[in-house]
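Just so you know, the sequence shown maps onto residues 679 to 921 in the working numbering.
The beta carbon of each residue, even a glycine, is placed where N, CA and C say it ideally should be.
All of these numbers come straight from a predicted model, not from anything done at the bench.
Structure first, then comments.
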Amino acid sequence: MKHCFLLLGASSGIGLALAEVLVKKQHQVVLVARRQEPMAALQSQYPGLVNHYQLDLTQPSISEALDEIYSLHPEINRIVYLAGWGDLNANLDLHIELKTQELNTHSFTKVAVWGTGVLSTATEAVFVNISSLAGLRGGGFAPAYNASKAYQINYWEGLRQRATKQKLPLRYCDVRPGFVDTDMAKGEGQFWVASPKKAAKQLARKIAKKRAKDVPEIFYLTKRWKIIAIILKILPNWLYKSL
């Protein structure tokens, strides 16, 4: 079974790499992002499988804009929210903190509510969010970023519980990347850095499964980061805050 993916924030990094992997597997993709050129280039390579739309996900009327796109592609049954922003901010610049929240929490929530509505009646529906390993604990170098990713992780868990209680045929998948070589990867001392292509291949294998129930509810990208996640969860506060 081939799916139709709506990729939100797909003009660079993991998003653009994921789109290319999916179309090579003959899935349809609908790309949405602010930067049009990379999306247009991919559509020119795969005109029968790719459609793209230029859209700022922080605009106030985002739900209405997505409604228009969905009306053109009612076959969409899998949504991937890849949009995100953050910056190192040890000096607590308020502008950076608020800008981070605008996309990572406010726009994220609008899209989450919208996507839940349209996917609730879709076949083999899966809603994927790219959160972050950073959401597992607070971060002194980027407080708002870590906090926003913690919000996403908890929000997805809440939607998953809601879907279970209401018996909705909708799978929520929380993807938690470690370091990936994109514009978002900032700071020194990075290790296990994956290329966008490698990350996209692992991601596609998980979310493009034929049956929605076979898509994992939580997984780490790349797989080895699950080890770090376990360590982060058990580190006591007195030790973690001194790292």
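Residue i - DSSP class collapsed to helix/strand/coil
i	result
Leu685	strand
Leu910	helix
Gln704	coil
Val791	helix
Gly865	Residue placement at Gly865 is flagged as unreliable, the pLDDT there being 46, under the threshold of 50; a coordinate-derived value is accordingly withheld.
Ala872	strand
Ile692	helix
Asn769	coil
Gly817	coil
His784	helix
Gly836	helix
Tyr724	coil
Beta-bridge partners of residue i, as assigned by DSSP
i	result
Ala711	Gln732
Val853	Ile808 and Phe897
Tyr759	Leu686 and Asn807
Leu848	Ala803
Val858	Ala872
Integer-rounded CB distance, given that residue j should sit under 8 Å from residue i
i	j	result
Ala619	Pro874	Limits of the chain in this structure are 679 at one end and 921 at the other, which puts residue 619 out of reach.
Gln723	His730	12 Å between Cβ atoms; not a contact.
Ile747	Val708	7 Å
_With three or more C-beta pairs closer than 8 Å as the rule, is the region 898–908 touching the region 836–855?_
Output reads yes: the region 898–908 touches the region 836–855.
*Inspect the CB distances between the region 820–829 and the region 771–786 and report whether three or more fall short of 8 Å.*
The region 820–829 is in contact with the region 771–786.
*At least 3 beta-carbon pairs within less than 8 Å: the region 758–774 vs the region 737–744*: no
*Please determine if the region 877–892 and the region 684–703 are in contact, where contact requires at least 3 C-beta pairs separated by less than 8 Å.*
yes
*asked:* Using 8 Å as the cut-off, can you tell me whether the region 792–806 makes contact with the region 887–895, which would need three or more C-beta pairs spanning the two stretches below that distance?
replied: yes
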